[in-house]
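> Those protein sequences? They're chains A and B, same order as listed. Residues in the first sequence are numbered consecutively from 16, following the numbering used here. Residues in the second sequence are numbered consecutively from 16, following the numbering used here.
There are 2 protein chains.
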Amino acid sequence: MASKRETSTAVTDTAEDLVKWLGSFGQSKSGGVTRPLYSEPWMEAQHALQKKMELSGLETYYDSVGNLFGRLEGTNPDSNCILTGSHIDTVVNGGIYDGVYGIVASYSAVQKLRKQFGHPRKTIEIVSLCEEEGSRFPITFWGSGNITGNYSLQDAVGKNDHNGVSLLEAMKAAGFDPETYQNPKREDIECFLECHIEQGIVLEKTATSIGVVSHIAGQRRYTIKLSGESNHAGTTPMHFRKDAMVLAAQFITYLTDKAEQADSDLVATTGKLTASPNVSNVIAGEVTFTLDVRHYKKRMLDQFCREVLDHFHQKADHFGFALSYHTWLEADPVQMDQDLQAQMAAAVREENLSYQSMFSGAGHDAQMFGSFCPSSLLFVPSKNGISHSPKEFTSSQFLEQGIQVLTRMLYQLAY
Amino acid sequence: MASKRETSTAVTDTAEDLVKWLGSFGQSKSGGVTRPLYSEPWMEAQHALQKKMELSGLETYYDSVGNLFGRLEGTNPDSNCILTGSHIDTVVNGGIYDGVYGIVASYSAVQKLRKQFGHPRKTIEIVSLCEEEGSRFPITFWGSGNITGNYSLQDAVGKNDHNGVSLLEAMKAAGFDPETYQNPKREDIECFLECHIEQGIVLEKTATSIGVVSHIAGQRRYTIKLSGESNHAGTTPMHFRKDAMVLAAQFITYLTDKAEQADSDLVATTGKLTASPNVSNVIAGEVTFTLDVRHYKKRMLDQFCREVLDHFHQKADHFGFALSYHTWLEADPVQMDQDLQAQMAAAVREENLSYQSMFSGAGHDAQMFGSFCPSSLLFVPSKNGISHSPKEFTSSQFLEQGIQVLTRMLYQLAY
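#1: Give the interface partners of residue 46 of chain A over in chain B, defined as CB-CB distance under 7 Å, in chain order.
#2: Quick one: give me the first and last residue of the alpha helix (DSSP H) that residue 380 of chain A is part of.
#3: Mapping DSSP to helix, strand and coil, what is residue 191 of chain A?
#4: Are residue 159 of chain A and residue 108 of chain A closer than 7 Å when you measure CB to CB?
#5: Could you give the residue range of the alpha helix (DSSP H) that holds residue 129 of chain B?
#6: Taking the alpha carbon of residue 451 of chain A as the reference point, which residue from A/319, A/258, A/409, A/162 has its own alpha carbon closest?
#7: Would you kindly report the start and end of the unbroken alpha helix (DSSP H) that includes residue 434 of chain A?
#8: Do residue 168 of chain A and residue 140 of chain A have their beta-carbon atoms positioned less than 7 Å apart in this structure?
#9: What would DSSP say about residue 172 of chain A, mapped onto helix, strand or coil?
#10: Along the beta strand (DSSP E) that carries residue 234 of chain A, what are the first and last residues, could you check?
#11: For the region 246-264 of chain A against the region 380-400 of chain A, do three or more pairs of beta-carbon atoms, one drawn from each stretch, fall closer than 8 Å, so that the two count as touching?
#12: Assess contact between the region 396-414 of chain A and the region 213-228 of chain A, defined as three or more Cβ pairs (one per stretch) separated by less than 8 Å. Is contact present?
#13: At what residues does the beta strand (DSSP E) containing residue 83 of chain A begin and finish?
#14: In this structure, how does DSSP classify residue 330 of chain B when only helix, strand and coil are distinguished?
#15: Tell me which residue opens and which closes the alpha helix (DSSP H) that residue 363 of chain A is part of.
#16: Let me know the secondary structure DSSP gives residue 138 of chain B once reduced to three states.
#17: Determine the contact status of residue 294 of chain A and residue 106 of chain B, defining contact as a CB-CB distance below 7 Å.
#18: Tell me where the alpha helix (DSSP H) around residue 8 of chain A begins and ends.
#19: Just confirm the distance between the C-beta atoms of residue 193 of chain B and residue 161 of chain B, as a whole number of angstroms; I'd bet it's less than 8 Å.
#20: Name the chain A residues that come within less than 7 Å of residue 359 of chain B, Cβ to Cβ?
#21: Find the residues of chain B that neighbour residue 299 of chain A, judging by a C-beta separation of less than 7 Å, and give them in chain order.
#22: Which two residues bound the contiguous alpha helix (DSSP H) that contains residue 75 of chain A?
#23: Considering just the uninterrupted stretch of the alpha helix (DSSP H) at residue 62 of chain A, what are its terminal residues?
#24: Taking the alpha-carbon positions, what's the residue 330 of chain A to residue 349 of chain A distance?
#25: Sorted by chain position, which residues of the same chain lie with C-beta nearer than 7 Å to residue 365 of chain B's C-beta, five sequence neighbours on each side aside?
#26: Name the chain B residues that come within less than 9 Å of residue 141 of chain A, Cβ to Cβ?
#27: Which full runs of the beta strand (DSSP E) of 3+ residues lie inside the region 253-289 of chain A, going along the chain?
#28: Any beta carbon of chain A sitting closer than 7 Å to that of residue 150 of chain B?
#29: Is residue 380 of chain B near the ligand ZN, judged by its Cβ being under 6 Å from some heavy atom?
#30: Could you name the residues of the region 259-276 of chain A whose beta carbon sits closer than 7 Å to any beta carbon of chain B, in the order they occur along the chain?
#31: If you measure beta-carbon to beta-carbon, which residues of the region 189-217 of chain A are closer than 8 Å to chain B?
#32: Hey, residue 90 of chain A and residue 129 of chain A are a contact pair by Cβ (cut 8 Å); roughly how many whole angstroms apart?
#33: Short of 7 Å Cβ to Cβ, which residues in the region 104-138 of chain B face chain A?
#34: Per DSSP, residue 203 of chain A forms a beta bridge with which residues?
#35: For residue 127 of chain B, which residues of its own chain have a beta-carbon under 7 Å away from its beta-carbon, when the five flanking residues on both sides are left out?
#36: Of all the CB atoms in chain B, is at least one closer than 7 Å to the CB of residue 309 of chain A?
The following block contains the structure:
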């Protein structure tokens, strides 16, 4: 590994080399990667990335929550900053492209421009953002949320990971002591550009190189706690039971059927379920499960979630269960900047590539920036549409094509 | 706690005192008890029980798997042994009466007899058996299975707990080194008597003091592994998904509906479910869940399980999921000895108590002994039928009534 990471600092790295290099931090046996926010592999990856940006001539720094910046100073002192990048935190056993590609694309584009044209008029900063996934702490976009002023330190209070470690403890352990917190909100961002793998199957199905994102779907995430009665699995007749596993199973089936009927662009998922006591010969007295619901129209999203939660409450009351839920993400659909969309489409044509306008079902940091500054999101194809999985893959060709388009846009915006 | 355990060695302990005393080993915050086989609290409880039996004049010893015996020698050297007892291992956060009452009843009955009548003709042994629940290792009745020759050391191979600790490692850590294993199978057992809380609601509903168990329901336990495809919760359209959580939910609903229609005495439970990666924004690629099915007629039990598993396989194949299952318990229904049932009924009448004949939906060590030697099982009422829960409760009066009947039976059998 060491030698691999040595050689990776060569200046001739392709985008694929760089993605694989970052994928070596937190690599799982299955070939995937587990790199939760503030974990050791996450810190190693941030530090390695910082070193790499410094070696390539960028000034680097962290803000108070651990967002890493690599700055190429503009010659015009009065200019605002063009921000570009993505995130390196991952889901558990996720793929190596998600998030990382956006950072690699920004880094590669800036390298090309610096070598060919030197310093830009306007400052360009590459950013590696914190907790885009929300897979360690229930606060997605923690990094971009701080930069855009949607979050500040108080929003971290009471947020714990699956092991009961608090977000504040984890920040401190990673070297970002909440005691020294200075609000990372920026006032000097002119626009934000992000490249990302599609994580869906649309571009592949339509044999298109580039997706120009028009808007990002809104998301609602809930944690639902259902309490029945734990009892002996052998001596409790079926009709005397309050089995939380059984009612949770009915809820998941209801949710899925309703989502399939609602709208072909709506998705609803229970990805996480925890039963208690979770023993084979004991009726589950309590089940906690998550809901993740997404659509690009706010009205449709709100109505669907309201109807689902109403149904859950009615059934729980009817069968004498206690039900409570916690809403921990309410992200409304976000439009990407229309001028930047047009500029991206033009850049794609100038590179003689194919593109299509599309919406994103996945959340991205660009949606935090979308309501803060003109923002733009570019997709490259994902093989079989698979992501958040070790099977995640995008060919070297597509990776480089996305970088060509980003490079052209950054040139037009900053030089 | 220490002082509590001190005073508990007084000879005037009531059954309730003794149950609460043993309940103090592995006590959980919620007032329940978690005392898995070979764990520290389990060993502490066994050692405390051993000390108590020695103080009361019994010879004590362990066999190679950790079954603890307290022996009151018979005056007739040619006599076989009357074995009586139960278990002290518990489910996670279970109640304090399950298993423990049977040991307390045997201990109390033997104390009364020894004080009043001295040594019996036939040897009486009190036994505290290992892993009746199967809640740490997937091998229920490990202790009674060794005594009756249903299990030996080779059956322990490959059995791991939830943390991946093997049964053999755990035995060794608890002081029962597999290297020194000597087969605990007994040739000198004349009969086995067990007292237990009902763990059901029948005796309470019928206001009856004693249940004379006619037979113990058979059980089948399976672990089922369902593999679909892990993918992004936001970008994978509903109709492209292979969501293992969704299909598992349908299976649980199917199982429950079918059990409710099958027979009022049949019970089927999924108590344990584990999803992977178990993250809110990732479609579950894999779900593993348990089946626990019980009925007192072998044919009904076999047919039900066959039909359920066939259905699971058909649906999994139809939707393109991989399904595998492991059968880790196949216990057929077991008859209790009819002469001992008649003798117990007579003993109840002599004590001027009420009784009824009933079957047991729960598994008990008596079912291992049932096909090995004449065996008998006595129930006392459980409040609200609740067990395997901190809410488990049986009144002091019922505890003592069960002991009256056991004392009378042991007198008739051994003196």
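Beta carbons: idealized from backbone N, C-alpha and C, even for Gly.
In short, the structure shows the following:
#1: Residue numbering aside, residue 46 of chain A sits at position 31 when the first sequence is read from its first letter. What residue 46 of chain A touches in chain B: nothing, since even the nearest Cβ is about 13 Å away.
#2: Here residue 380 of chain A refers to the residue found at position 365 when the first sequence is read from its first residue. Here the alpha helix (DSSP H) through residue 380 of chain A covers 380-385.
#3: As a first step, residue 191 of chain A must be located in the first sequence, where it is residue number 176. The answer is coil: DSSP assigns residue 191 of chain A none of H, G, I, E or B.
#4: As a working mapping, residue 159 of chain A is identified with position 144 in the first sequence. As a working mapping, residue 108 of chain A is identified with position 93 in the first sequence. No; because the gap between Cβ atoms is not below 7 Å, this pair is not in contact.
#5: Translated into the one-based positions of the second sequence, residue 129 of chain B becomes position 114. Residues 115-132.
#6: Look at the range of chain A in this structure, 16 to 430, and you will see that residue 451 of chain A is not part of it.
#7: One cannot answer for residue 434 of chain A here, as it falls past the ends of chain A, which runs 16 to 430.
#8: In the first sequence, counting from the first residue as 1, residue 140 of chain A sits at position 125. In the first sequence, counting from the first residue as 1, residue 168 of chain A sits at position 153. Not closer than 7 Å, so no.
#9: Against the first sequence, residue 172 of chain A aligns to sequence position 157. Here residue 172 of chain A sits in coil by DSSP.
#10: Along the first sequence, read from residue 1 onward, the residue named residue 234 of chain A stands at position 219. Residue 234 of chain A -> beta strand (DSSP E) spans 233-242.
#11: Contact fails: fewer than three Cβ-Cβ distances are below 8 Å.
#12: yes
#13: Within the first sequence, numbered from 1, the residue matching residue 83 of chain A stands at position 68. Its beta strand (DSSP E) spans residues 83-87.
#14: Within the second sequence, the letter at position 315 stands for residue 330 of chain B. Reduced to three states, the DSSP call for residue 330 of chain B is helix.
#15: Within the first sequence, the letter at position 348 stands for residue 363 of chain A. Element bounds for residue 363 of chain A: 353-365.
#16: Translated into positions along the second sequence, residue 138 of chain B becomes position 123. Strand.
#17: Counting from one through the first sequence, the residue named residue 294 of chain A turns up at place 279. Counting from one through the second sequence, the residue named residue 106 of chain B turns up at place 91. Result yes, Cβ atoms of residue 294 of chain A and residue 106 of chain B sit closer than 7 Å.
#18: Outside the modelled stretch of chain A, which goes from 16 to 430, sits residue 8 of chain A, for which no answer is possible.
#19: Looking up residue 193 of chain B in the second sequence gives position 178. Looking up residue 161 of chain B in the second sequence gives position 146. The Cβ separation is near 12 Å, so there is no contact.
#20: Counting from one through the second sequence, the residue named residue 359 of chain B turns up at place 344. Those do not exist, as residue 359 of chain B stays about 20 Å from chain A at its closest Cβ, beyond 7 Å.
#21: Within the first sequence, numbered from 1, the residue matching residue 299 of chain A stands at position 284. Under the 7 Å cutoff, chain B gives 286.
#22: Looking up residue 75 of chain A in the first sequence gives position 60. No alpha helix (DSSP H) contains residue 75 of chain A, which is instead part of the beta strand (DSSP E) from 74-77.
#23: By one-based count along the first sequence, residue 62 of chain A stands at place 47. Here the alpha helix (DSSP H) through residue 62 of chain A covers 55-70.
#24: The count along the first sequence starts at 1 and reaches residue 330 of chain A at position 315. The count along the first sequence starts at 1 and reaches residue 349 of chain A at position 334. Roughly 34 Å separates the two Cα atoms.
#25: Numbered from its first residue, the second sequence carries residue 365 of chain B at position 350. Once the five neighbours on either side are set aside, the close Cβ partners of residue 365 of chain B are 423.
#26: Along the first sequence, read from residue 1 onward, the residue named residue 141 of chain A stands at position 126. In chain order: nothing, as chain B lies at least about 25 Å away.
#27: 282-284
#28: Taking the second sequence and counting its residues from 1, the one referred to as residue 150 of chain B is at position 135. Yes - at least one Cβ of chain A is within 7 Å of the one on residue 150 of chain B.
#29: Here there are no bound small molecules, and the ligand ZN is not part of this structure.
#30: Within the region 259-276 of chain A, the qualifying residues are 260, 261, 264, 265, 267, 268, 271, 274, 275.
#31: 213, 214, 215, 216
#32: The residue labelled residue 90 of chain A in the question sits at position 75 within the first sequence. The residue labelled residue 129 of chain A in the question sits at position 114 within the first sequence. Not quite, the Cβ-Cβ distance comes to about 13 Å (not below 8 Å), so this is no contact.
#33: 106, 107, 108
#34: Taking the first residue of the first sequence as position 1, residue 203 of chain A is located at position 188. According to DSSP, residue 203 of chain A bridges with nothing at all.
#35: Locating residue 127 of chain B in the second sequence gives position 112, where the first residue counts as 1. Once the five neighbours on either side are set aside, the close Cβ partners of residue 127 of chain B are 422.
#36: Taking the first residue of the first sequence as position 1, residue 309 of chain A is located at position 294. Yes, residue 309 of chain A counts as interfacial toward chain B.
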